[in-house]
Every structure is written in C-alpha cells, then in structure tokens.
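**Student:** Dropping the structure in here first, questions after.
There are 4 protein chains.
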Amino acid sequence: MTTQTLNAAILGASGYTGAETIRLLAHHGHVRVGPITANAQAGRSLGDLFPHLHPFADRTLIKAEDVNWDGVDVAFGCLPHGASEELLGELPPHVTVIDLSADFRFRDPELYAQVYARSHAHPDKTRTAVYGLTELARPALQAKPPVIACPGCYPTATLLAIQPLVEAKLVQTEDIIVDAKSGVSGAGRGLKEANLFCETAEGLHAYSVGNHRHAPEIEQQLSQASGAKVWVNFTPHLVPMARGELVTCHLKLAEGASVEDVREALAQRYQDESFVKLAPKGASPDTRWVRGSNLCILAVFPDRIPGRVIVVGVIDNLVKGSGGQAIQNMNVAFGLPESAGLTMEPLFP
Amino acid sequence: MTTQTLNAAILGASGYTGAETIRLLAHHGHVRVGPITANAQAGRSLGDLFPHLHPFADRTLIKAEDVNWDGVDVAFGCLPHGASEELLGELPPHVTVIDLSADFRFRDPELYAQVYARSHAHPDKTRTAVYGLTELARPALQAKPPVIACPGCYPTATLLAIQPLVEAKLVQTEDIIVDAKSGVSGAGRGLKEANLFCETAEGLHAYSVGNHRHAPEIEQQLSQASGAKVWVNFTPHLVPMARGELVTCHLKLAEGASVEDVREALAQRYQDESFVKLAPKGASPDTRWVRGSNLCILAVFPDRIPGRVIVVGVIDNLVKGSGGQAIQNMNVAFGLPESAGLTMEPLFP
Amino acid sequence: MTTQTLNAAILGASGYTGAETIRLLAHHGHVRVGPITANAQAGRSLGDLFPHLHPFADRTLIKAEDVNWDGVDVAFGCLPHGASEELLGELPPHVTVIDLSADFRFRDPELYAQVYARSHAHPDKTRTAVYGLTELARPALQAKPPVIACPGCYPTATLLAIQPLVEAKLVQTEDIIVDAKSGVSGAGRGLKEANLFCETAEGLHAYSVGNHRHAPEIEQQLSQASGAKVWVNFTPHLVPMARGELVTCHLKLAEGASVEDVREALAQRYQDESFVKLAPKGASPDTRWVRGSNLCILAVFPDRIPGRVIVVGVIDNLVKGSGGQAIQNMNVAFGLPESAGLTMEPLFP
Amino acid sequence: MTTQTLNAAILGASGYTGAETIRLLAHHGHVRVGPITANAQAGRSLGDLFPHLHPFADRTLIKAEDVNWDGVDVAFGCLPHGASEELLGELPPHVTVIDLSADFRFRDPELYAQVYARSHAHPDKTRTAVYGLTELARPALQAKPPVIACPGCYPTATLLAIQPLVEAKLVQTEDIIVDAKSGVSGAGRGLKEANLFCETAEGLHAYSVGNHRHAPEIEQQLSQASGAKVWVNFTPHLVPMARGELVTCHLKLAEGASVEDVREALAQRYQDESFVKLAPKGASPDTRWVRGSNLCILAVFPDRIPGRVIVVGVIDNLVKGSGGQAIQNMNVAFGLPESAGLTMEPLFP
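Chains as they are written, first to last, in my numbering: chain A, 1 to 349; chain Z, 1001 to 1349; chain U, 2001 to 2349; chain F, 3001 to 3349.
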C-alpha cells in the first residue's frame, strides 16, 4: 500500500464523464487533480461549465496540447471516441492512461474499425490494453498496464451479471437477450434534439435496436469467456431520468443447472467485493439503490418459462459505469485502497 | 349506424381508469354520462376528486347500490378486481357491461381463481364474456355481448404485437420474451409507498418478475391463437413517467420466416385500422407518439442474433390500455362510429 | 355564425408552437390546414419532425417563399421574433395575420426596438395590431383586424389575473410582484444546453431576473389599463416539467378594498367565459388542472401581511399561452364558435 | 478539537429525514451510529425500509422505549412534531438533543400551541432551546446547549438570505415577500394522495398560501433580528423534483441602501463560511448546484422596480435544510471539525 499522492490529469472535462471523475476525486485522499483540459472551452473556468464542482470552480480549462506532462502520473481520458485514442496514444510513457471512451475496448483493431467506422491510429496499444471491468480483471490491473480501457456503461452491468455464469457454464450462450434501460446522462451533454427535456420527459423508446455499439463489446468479452463466438441481443431504451442503468438479462439455463445454482454462483463470485452485491432473495434492485455510488446490485429470478432464468443488474452509469470504475481501476493499478474516493453512499431520494 | 344517445354509468370513478373514461366521454357525441359511483367517496363532487374534469365538476358521486338502472344502457366497470365482478354480475340484463377490471378476462374460472386468489362468483358470465381487444375481436363485439372484458394494458400492447404473428405461424411460440415498461399511472391511485413521487422519480426497477398477473392473460390468448399451451416470459418495469407503456417482444422466427415477413404481416393485418399503426421502417416508436390518444404503434426490427426478430409496441395505458379501448368496444357493440370520442391527437410535449 | 371552411397556413412548424397549433386544428371543424412551412426543414415530412401529428404525417414542409397565398384566409405565425414580422408584414392583404411571436405585441416600435434589440421593419403594422388577449380584447378582435398579436405565455396568465383588478382600482399599481414558474417547453425546441434533460430535471432556478422580455409587455397593458406608467417585478423560474405555467401575483390592496372584493371582481369579470375560471374558494389551482386545454384557472388568497392579496393563475403555456389562444382569436375574428377546436378536456395524470 | 467518537441515536428512522441523517453519518469519522428507532417498524431491518443505506442494511429497528441511553452522547430527533418533544423532552440529561422537528423552534410555547394546534409538554425546554441555524447561531451552539432545534428547511434558506440584511438595516421589514419552491421530499414519506407520482409529476401548485407553519418561524427570527414584530408573505410551491428548495425573496431596499450594498453585506457576512456561498455576480443559482450537499448558495439581483432588490437562495432541503445542518450543529456543539461528514460534493446531473 502506497502513501503517495498521485497527480491526475483530466482530459475532456466539458462532459458529464469528466465532471463526474473530478467530483469523485475531490475527496479521494491520494490524488491531486492536476491539469484539466477542454479544448473547445479552453480559457473558461470549470465553475463556469459545472457550477456544482465548487472546490474546482476557479480552475482554468486548458487545451490538451498545453498540458505539461512532467509529474503527471495518470491521465483520465474523458474525450469522445476517436479524439481519445489520438491524444492518449501519444502520451509520454510515464503516464498511465485510463480511458473512459470506447477507443481501447476492443482487442481487435479491425472490429473497432468496423463498429466505430474509423481505423485505429494505435492498433498495438488497443491490442494490449486491459479491459478494466475491475472485478473481473484485477490481476491484469494490478500489473499497472500502460493503458486501461474502461468498459462501456451497459457492458459493465451486463458482464457483471452474465460473465461469471458463462464462465461457469451455467447458462447457454445462445439466445442471450439483454434488454437494457438507461437514464439520459448516458447520452452525454451534446446538443441533440433527442436529449432535450421535452423530448425525453414523460416517455420512453428503444434505440439503436440491433446495432448498438455496446453489443460487440459484450460479445467480445463473452466470447472470450466461453471460448466460442457469442452473439447477444442487446436492446437499450432511454428512460426519463438523468442517472441510472438497469439491464434485464433473459437467459436459458444450461442443461442440469438451476436458478438456485445461478444465484449461488454470483453470490460466491462477488462475496468479497465491496462494490458488487446480490440483492436479498426476491427483492428487485432499483437504480435508486445505487445512484451516485460505485455499486452494482444484481438479482436472480426464475422465469415462468421452465428452464430459463432472469438476471437483473443496476448501476449508476456515471459512477460504476464510468468515472467511478475508472478511479477504482486507478486504485487497483497503483496499489491504493480500492475504495478510495468511492465510499459515498447512494443518494436517495 | 344508430343516432341514439346512450346513457352510460361509470362505476368506480375515484381512480384514474374511471376518470379517464369520463374525460373521453365528455365530447363523445353519442353518449350521455349518467350515474357516477364511488362508494368510499359518495356524497363528494367529482370535481373534488378530479379538478381537471371541469364539465362534470358538480356531479355528485353516489354509491353503486343507489344507481337507478332504468334507462342505463351501458355500465363501465372501473372497480378493483373482485369488487367488479360482484357488482357487474348482478346488473339488470338490459345493461351492457364493459368491464375494465381483470374479472372477466379469463374464460376459465379456475385459472382466475388461481391467479387472483379468489373464486369467481359468476363463473358462467366469465366463461362467455368477450375478450375485448377490439381489433382482434370485432365480430364477437358486434354481436353486442352482455359482458365485454377489456384486456389489461400490457396484454393490449403485447397481443396487438404478437398475436397476428402467432396466428400466421411466423414466430415460434417457445421462448417468447416480453420485456415491458410502464408509467406509474398503471399502478393506480392507491396510497402505496411504491407510488410516491420520491420512490418512483429518477429511478427504475423490474417488478413482479416471473409472476405478474398479466402473463397468464397473454398466455390464454396466445394459446388460443396457436392451438397449444404457450408460456411467455413477461417482465414489467416501472418507469418514472405518469402515462405510457412500451413492450419489447423478443421472438424467434419460425423456420423459413423473415423479418420482412413479420413486418408485412402486421402491416396487412392492421392496414384498415384507425388506431393500430406500423411505424415507418427504422423508426423506433416512443410512448410520446401516443400519449393521450387511443393509438397503438408497432415496429419490427431485425435482431443481431440470426433467426430472431424484435417487435416493439407502444400505447397510452390509460387510453388504448384502458378507458379508450373500453369506449372503442362500446362503439363497436352499439354500432356507433368506432372513433367516436377517440379522435384527439396525442399530446406532445 | 359562418359555415365557411377557412384555409389556414402555418408558418414555422418546426417548433412546439407550430406543432401545437396544428394539433389543435386537426379536429377544428371549420378550418383546413393548408400550407405548412419550415424553411430549414423544407422537403421533409411533418411526421418526420413530429411523429405524434399522425393525420398530417405525410405533409411536406415547404419554404415560406413557396406558399401560394391564393385562397389562404389566415396565417399563423409561429416563427421566432424578427423572422416573424419580416415575413408577416409582407403578406397579401386578404390574409389575416395571427402572430404568436413577440413582433406585434408592442404598440410602440421604439419599445420593441429597445426590448428586442432590433428595429421593427413594419412599425405601422405594430402600432395598429390588436393585442389578442381574447377575453380582454373581444370587441377589437370581432372587427377582424389585419394583424392580431397573441400575447406571450406569461403575460396571458398574469394579465388575466391582474388587469381586471387594476381596471377596477382594487389593487395598487406600485410594487406589483409577479413570481412566475414555467415548464421547459416555454423555452422552445432550440438546441441549448439549458434545455437538455440533464440540465433541467430534478432542479429549479430563476432566470432573466429583472430583465425578462415579458415584463415590458405586462407593463404596457397594465399602464394602459391604469392610465399611468406601471412597473412590475417579473421573476420567472424554470420548472422540471414540459408544459404548464403558474403565476403568483403578490399585490397590495387599494385603500378600502378587501380580498373578497378582489375575488368577487374576478368572478364577475369572467362569469360568462368558457376558458377562464375561478377555482373553488380555498383551492389552489395546479397546472395539471389545465394541461392540454385552453383553460386559465385563477384563485385569490389573503396574505398574512394585512392589506395584501395573492392571486394565482395557471395555464398550459402551449395552449392558452400560445396555439390555443391563437385559434380562439381566429374564431372570434371570423365569427366562428369561440370554442371550436378547443373543447378537449385537460389530460391528467 | 476532540478526538472522541460520539455515539449517536437516531430516533424515527422510517422517514427521509432520518435516513438522510444516517447516510451522512456513515463516513463522518467521529461518530458511531448507535440505536436506530422506528416504533411502527420495530423489528424490521433498516435495509428493508431503505435499501440504499447499504452499510446499515442489517441494523434492526427498535422502539424508542427500548433504547439503552447509557453511553449515548447525542440523539437526533427525526420524528413528527408532537411525538418529538414528548420523547426528547424526557431523555436523560447526558444526551444532547438535536431535534429536526418543529417542536423546539419557537421560544414562545403559546405561539407553538397556536401554530401546531397542541400545547407543548415541555415549555421550559422550548424557551431555552437554541435555534440552530448554524451560521447565525454559532456562539450559542458552541456552548453545547441541551436542546438544539434545527430550523425548518424553508426558514433555513430564507433566513440565510434575509436575516443579515435585516440586521444591517439594508432592507425594509414591511412587505417582505418570500416566494418559495420545494421538491416533494419536503413533504415526507407519508402516504398522501398529494405525494403520489401521478399527482406531482408534470405540474405545479402553490400550497398553504398565507398559512404555512414556516411563516411564523421566519417571523420569529426576523422580529428578533429587527427588534420589532415582522410579518412575512410566505408562499410555497410544490415542484416536480425530489430534492431541492429555492426561495425568491422580494424586498424593498432601506432608504439609502443599494443593491450593491446588499450583495456586499452578504458577501462579507459569509466570507469565512464553508457552506454558505454567494453565486458569481449575474449567475442564478440552481438547486442542482447543491443537491446532496450541505451548501446554501445565494444571489442578489436588482429589481425592475426602482428601490427594490431580489435575493435568491438554494439548498438541498434534506441536507442543509435537515440532516446536514443537524450534523453541522452537532459538530459545532461538540467541538468537532464543522465539515465532518459533510464534505461530499453535489451530485449533478
């Protein structure tokens, strides 16, 4: 355990992801928030963009190219995909990269090119990046890899729910149905009509049906876990709330496996974890149980259809699904207490 | 086509279902709102309970036992299950019963007893009641049956999406997954902690997973349509909005059937309908497209998993899912224009 | 009373105001929706922009300059200020102009120039336009003036609450405090960060404190009513809801006047009105009582501070505060039934 | 500065106030959460009532009469008024009472009897209790009084905004208008129709106009500050959000005073405070700037009406308006760091 104080750069602080990372670092105890960049807003103060970040209100946003990297230990990449890898791929080697974008999530640059419609400028770095779903990647993270790719918010909740079951061969890998629901902050702070209050309040719709970019990411991890190519149905919906994400995984039990086996497998897998919990039997987890926290709560239900099981998972998409998991990954990589900066309880109501 | 003016009684007007039925009848043109009952609130004015129902604000609520049934043509049952069949089962035979509760939805009184944990006092009436999913039951409705059972809100959207596909043998009846999402008004106006603003806003959860009472109702209809017992996964979620319901149906295509066949089948099935529409290809229907209206909008999407299809349906649970469909059923049964009272456009934003 | 069918053009149908006007005209009975313009979206279908407007989904949006004005009776101007008067000021004289923008609300072009920071291109037309607060302007409207300026949403609710009291000299014109609250649709469909769901949900703030453009509009009307220059405190707040507007008017009673006098004055002033109502004594009107309707509900309360009175008013900003009042004005100007197209009951919940 | 660990009892943990106090104490550092009571729920676990309180999920709720007071240092009273003083008035003298109810807020038991319609069982204790608006009562709190009465949520925001101005004679004490807006959590977790989602979402109304119980509380403090009886207009509104409170204070400047004097007075009064801040000039504080935190943000605006000023204040009603201020008062009374347990940044979005 170290007693060092890390110097962290935040790259791309004009969006919700960057702001949340800064909020969580405010009282981390082992980290100093160093350079904060936002190229389009350079020169403005952070308080101007995010008045709630009171301790940093007077910090001036700078351009990424103006960062002095001497003495910076870790860089949180909170940029859009594309912009992210182009910047992060060129950082000095003493800086550990923790990327919250999609740019280093795929081991196969060809798959990345296909899904994100652009070729990767640093294919070698993506081939060797560690996919930082903390609870399922701890050994690799402890080796302090140069690039940690934080999973997408949906894959975080989905894989925490399903991956141990696939590994234990308790569920079939055919016809995995992931019906997902997210609050609007998942869509970012961009100026799109679809994100306006009047277009999102008091209503609901599915989006990117059959072609959401998080599907191949889930498939990559489940294929690796099962040893064979897995397809998943991934169907996200936009829900009129700011934060929170819930995945409802409709699964077929493997021959001979029971619902109770599934519950038991998850309970054992996560029994020593601080941030992944199983709900009491019969209770249905609500995103309100985790809002503002780094928690993921899972629950297992029998299906009416014999031979099937339903696994539900909830996270706060901006914490465990983004800034919180990024900090958790940093903590593991640098040998800090894994919960540092992440001990806040959920905010309810 | 008749030019009569029907006299309608509203039984149980203290809940959202009764209020919505009255709202829609206000400018129906062929119906006069007659006696309005609410036993626990008898003596109060309707405006006291529902200030938005301005034209009826001064109407006094009476007890059901005080209704003079002479001259009443039709009774809308807006009572809780149990209370509903006990009252409606005893009405004079000249009154056509349109029940919005669950009490006459099952043909089999044993199934009702099992699902609703009480024995039915009028088993013969439930055996012969017409299940009033209007578009799929028009001939039976036109015969003006004594009892019309309006479908539950979830079964309305689900069956409009799936039943024609089962009938046409375009989808398999195994592993039908219906992942559903509803606004809070679906839970009624009862004083439950779970319905408080602070317990429902800014969050989401699944409920009644594996044991919701609308599942056997959907199964009854699909079993009848397919000629064999069908099980469905039905997993509802409570969404922080007042109105609106969306069902996401994850289905396996039948051998040889294509996604395009499914779309075409629905398009043809509903081509002459006023209230059921197919969204433009690629568009994902939003509950905002139907809020306050009697519409149901469907859409068909290919799944990432080969051999599968996703069908989405949206309704306003208080209109097509309740009071609106009840009025539509009355219109059909009495030979009135089917759209009478139901022509309002959706309210957006 | 005429039996004609008017041909109405909608200018600027890409915003909520235009869409709401079209929604209300759908079942008006005396109006045909003619050309629909939206210059930046010309060539697209209306259903593409507003899927809820089902009967007009296939209508193609055209550019304003491509409208054939022959046979058009009335033009609803739903454009931003500036664009509005430049277009509407040049229409052929046989077209009655009903403008929903701010461009013809001021009798004094200098005041307009000062408040909206641009000079008026048609000062004569603004000098003679009729300020269409229907209930307080009926004689002038019945003369079918060439230009009817529909009041702003806030002035509509405020003036209906206060103007009769100023006219009757029941309240003092010093220190009129109007603390106003509006839903987000009042800010339009423009892509501004402040209108995003995440920036408006679960929170509240005041805006344009001391300098909102509706203040001079209220002052113009109250000054005219009182015969002397009146200043008002007008302090609007943005509330996390899509529709609805509430004004809380904190007033000093005139010497000798009582709270009961105020209530009585409003009751008498509006006793024959279809759309302006006084709430039952003691009841506090909610915007839910009017949502989706053309109603304005007022209520009068004694203040704790002796000699003062509080008047509250609620409207739906998109109906009585915009499209609905515009149609009401058309109805009056053309001798149609004043309620035509406006009979829908409020949507609740 | 002490290094002790206090043992705190929470009395009445079934409501939002109690839950929030526990949430904030979770990581306080100087406090152990001891007995937790909830008489009507005794025997249940806290996690059953509040699943978000993970660290205390297994704690069993007990009856207040079953608390062993030995070793308890401080009791947080989170009970309804009436129940609160009856219990707290009888505690052993070694327990410092911090009451979050209204029971000890009035120095005059007669006023209490009049406002709360019941006579006080411990009039001597209310006469000597300290009104714990921390920033304005620090010396009295530092004396560790036996009973600290935490102010109501509305009075907290209002008095922080106005009291220093009254003390400095910068504003007149006639015609003080406080137009207030609160989220629904302010109404508690009680089962009232008015608190249901469907009755509070997408709408707004004023309530308790002219007779809210927080008005006499504000008047007591301002009268004391000014040395003469002060009346205030206090008009609260219920806003569709869970947390947050905003007061808009419409004030007359004292003879010779300017808006800038007012701003300067507040800036100086709070310059050394951790939790009370002045917004940047021109910025309008949003409840989102403080959600989940113990902050109060104030802003000063010129009115359009000459000689007047508008002061806006925002707080989180459950933190600075309730559990947070209670803990802040404990910190001051026991000589702990004033920010202990209260350092979390606001949650946004």
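The C-beta atom is built at its ideal place from N, Cα and C for all residues, glycine as well.
Everything numeric in this text was worked out from a predicted model, so none of it was measured.
1) Taking the alpha carbon of A:A40 as the reference point, which residue from A:T60, A:S14 and A:T126 has its own alpha carbon closest?
2) Would you mind telling me which residues of chain Z sit closer than 8 angstroms to U:R2263, beta carbon to beta carbon, in chain order?
3) Do Z:V1314 and Z:I1327 have their beta-carbon atoms positioned less than 8 angstroms apart in this structure?
4) Using the C-alpha atoms, what's the distance from U:E2135 back to U:V2322?
5) What I want to know is whether the C-beta of A:Q114 ends up closer than 7 angstroms to one or more non-hydrogen atoms of the ligand COA.
6) Can you check the segment 2252-2304 of chain U for any alpha helix (DSSP H) of at least 4 residues that lies completely inside it and give the ranges in chain order?
7) Establish whether the CB of U:S2185 and some CB of chain A are separated by less than 8 angstroms.
8) At a Cβ threshold of 8 angstroms, is A:R308 touching chain U?
9) Go through the segment 2200-2240 of chain U residue by residue and report every complete run of the alpha helix (DSSP H) that reaches 4 residues or more, in order.
10) Would you mind giving the Cβ-Cβ distance between A:V67 and A:P35, rounded to the nearest angstrom? I have them listed as a contact below 8 angstroms.
11) Could you tell me the distance, in whole angstroms, from the CA atom of U:L2011 to the CA atom of U:C2078?
12) F:R3243 CB to nearest chain A CB: under 8 angstroms?
13) Pick out the complete alpha helix (DSSP H) segments inside the segment 105-129 of chain A, 4 residues or longer, and give them in chain order.
14) Look at the alpha carbon of A:M1 and the alpha carbon of A:V33, and state the distance between them as a whole number of angstroms.
15) At 9 angstroms on the CB atoms, spell out the chain A contacts of F:T3343, in chain order.
16) Mind checking U:G2335: buried by the 16 CB within 10 Å criterion, or exposed?
17) Closest to A:V209 by C-alpha separation, out of Z:R1304, Z:E1338 and Z:L1087, would be which residue?
18) Sorted by chain position, which residues of the same chain lie with C-beta nearer than 8 angstroms to F:Q2990's C-beta, five sequence neighbours on each side aside?
19) Which residues in chain F have a C-beta closer than 7 angstroms to the C-beta of A:Y270? List them in chain order.
20) Beta strand (DSSP E) containing A:P358: first to last residue?
21) Any Cβ of chain Z within less than 8 angstroms of the Cβ of A:P346?
22) Between the segment 1092-1118 of chain Z and chain C, which residues of the former have CB atoms less than 8 angstroms from a CB of the latter, in chain order?
23) Per DSSP, which one or two residues make a beta bridge with U:S2182?
24) Mind checking the segment 2266-2300 of chain U against chain Z and listing, in chain order, the residues whose C-beta falls within less than 9 angstroms of any C-beta there?
25) Report the rounded CA-to-CA distance for Z:G1043 versus Z:T1037, giving the unit in angstroms.
26) Within 8 angstroms, do at least three Cβ pairs link the segment 1330-1345 of chain Z to the segment 1193-1200 of chain Z?
27) Please list, in chain order, the residues of the segment 192-205 of chain A that have any C-beta partner in chain U closer than 9 angstroms.
28) Do you know offhand how far A:L238's Cα is from A:D179's?
29) Taking only the alpha-carbon atoms, compute the straight-line gap between A:M241 and Z:L1222 and give it to the nearest angstrom.
30) Give me the subset of the segment 3042-3073 of chain F whose CB atoms are less than 8 angstroms from a CB atom of chain A, sorted by chain position.
31) Would you please verify whether the beta carbon of F:P3349 is less than 8 angstroms from any beta carbon of chain A?
32) Quick check on A:S339: buried or exposed, where buried means 16 or more other Cβ atoms within 10 Å of its Cβ?
33) Within the same chain, show all residues whose beta-carbon is closer than 7 angstroms to that of F:W3069, passing over the 5 residues directly before and after it, in chain order.
34) Pull out every residue of the segment 2229-2253 of chain U whose Cβ sits closer than 8 angstroms to any Cβ of chain F, in chain order.
35) Name the chain A residues whose beta carbon is nearer than 9 angstroms to that of U:R2189?
**Tutor:** Once the coordinates are examined:
1) Within the first sequence, residue 40 of chain A is the residue found at index 40, counting from 1. Per the Cα distances, A:S14.
2) Stepping through the third sequence from its first residue, residue 2263 of chain U is reached at position 263. Result: empty, since nearest Cβ-Cβ is about 18 angstroms, beyond 8 angstroms.
3) For the purposes of this step, residue 1327 of chain Z is identified with residue 327 of the second sequence, where counting begins at 1. For the purposes of this step, residue 1314 of chain Z is identified with residue 314 of the second sequence, where counting begins at 1. No; because the gap between Cβ atoms is not below 8 angstroms, this pair is not in contact.
4) The residue given as residue 2322 of chain U occupies position 322 in the third sequence. The residue given as residue 2135 of chain U occupies position 135 in the third sequence. Here residue 2322 of chain U is Ser; the residue named in the question, Val, does not match the sequence. About 14 angstroms.
5) Within the structure as shown, the ligand COA is missing, as the structure has no ligands at all.
6) 2259-2269
7) On the third sequence, position 185 is the one that residue 2185 of chain U refers to. Judged by the 8 angstroms Cβ criterion, U:S2185 is in contact with chain A.
8) As a first step, residue 308 of chain A must be located in the first sequence, where it is residue number 308. A:R308 does not count as touching chain U.
9) 2214-2226
10) Looking up residue 67 of chain A in the first sequence gives position 67. Looking up residue 35 of chain A in the first sequence gives position 35. 5 angstroms between Cβ atoms; contact.
11) Locating residue 2011 of chain U in the third sequence gives position 11, counting from the first residue. Locating residue 2078 of chain U in the third sequence gives position 78, counting from the first residue. Cα to Cα, the separation comes out at about 6 angstroms.
12) Stepping through the fourth sequence from its first residue, residue 3243 of chain F is reached at position 243. It does; some Cβ of chain A falls within 8 angstroms.
13) 109-116 and 123-128
14) Here residue 1 of chain A corresponds to residue number 1 of the first sequence, with the count starting at 1. Here residue 33 of chain A corresponds to residue number 33 of the first sequence, with the count starting at 1. At A:M1, the pLDDT of 45 sits below 50, so the modelled position is not reliable; the number obtained from the coordinates is stated separately. Spanning the two alpha carbons is a distance of roughly 20 angstroms.
15) As a position in the fourth sequence, residue 3343 of chain F is number 343, starting the count at 1. Here the neighbours are A26 and H27.
16) Numbered from its first residue, the third sequence carries residue 2335 of chain U at position 335. When all chains shown are included, U:G2335 counts as exposed.
17) Translated into the one-based positions of the first sequence, residue 209 of chain A becomes position 209. Checked all of Z:R1304, Z:E1338 and Z:L1087; the closest Cα to A:V209 is Z:R1304.
18) There is no way to answer for residue 2990 of chain F, as the model of chain F reaches only from 3001 to 3349.
19) Position 270 of the first sequence, counted from the start, is the residue given in the question as residue 270 of chain A. What A:Y270 touches in chain F: nothing, since even the nearest Cβ is about 14 angstroms away.
20) Residue 358 of chain A lies beyond the range of chain A shown here (1 to 349); nothing can be said about it.
21) Locating residue 346 of chain A in the first sequence gives position 346, where the first residue counts as 1. Answer no: the Cβ-Cβ gap between A:P346 and chain Z never drops below 8 angstroms.
22) Here chain C cannot be found, since the structure's protein chains are A, Z, U and F.
23) As a position in the third sequence, residue 2182 of chain U is number 182, starting the count at 1. U:L2238 and U:E2245, per the DSSP bridge assignment.
24) K2277, A2279, P2280, A2283, P2285, D2286, R2288, W2289, V2290, R2291, G2292, S2293, L2295 and I2297
25) Counting from one through the second sequence, the residue named residue 1043 of chain Z turns up at place 43. Counting from one through the second sequence, the residue named residue 1037 of chain Z turns up at place 37. Rounded to whole angstroms, Z:G1043 to Z:T1037 spans 10 angstroms at the Cα level.
26) no
27) K192, E193, N195, L196, F197, C198, E199, T200, A201 and E202
28) Indexing the first sequence from 1 puts residue 238 of chain A at position 238. Indexing the first sequence from 1 puts residue 179 of chain A at position 179. One C-alpha to the other measures close to 11 angstroms.
29) Counting from 1 along the first sequence, the entry for residue 241 of chain A is found at position 241. Counting from 1 along the second sequence, the entry for residue 1222 of chain Z is found at position 222. Their Cα atoms are separated by approximately 34 angstroms.
30) G3047, F3050, P3051, H3052, L3053, H3054 and P3055
31) By 1-based counting over the fourth sequence, the position of residue 3349 of chain F is 349. Interface residue, yes.
32) What you label residue 339 of chain A is simply residue 339 of the first sequence in a count that begins at 1. Flag for A:S339 reads exposed.
33) Position 69 of the fourth sequence holds residue 3069 of chain F. Excluding positions up to five away in sequence, the list reads L3091, P3092 and V3095.
34) W2231, V2232, N2233, F2234, T2235, H2237, V2239, P2240, M2241, A2242, R2243, G2244, L2246, T2248, H2250 and K2252
35) Counting from 1 along the third sequence, the entry for residue 2189 of chain U is found at position 189. Within 9 angstroms Cβ-Cβ: E193, L196, C198 and E199.
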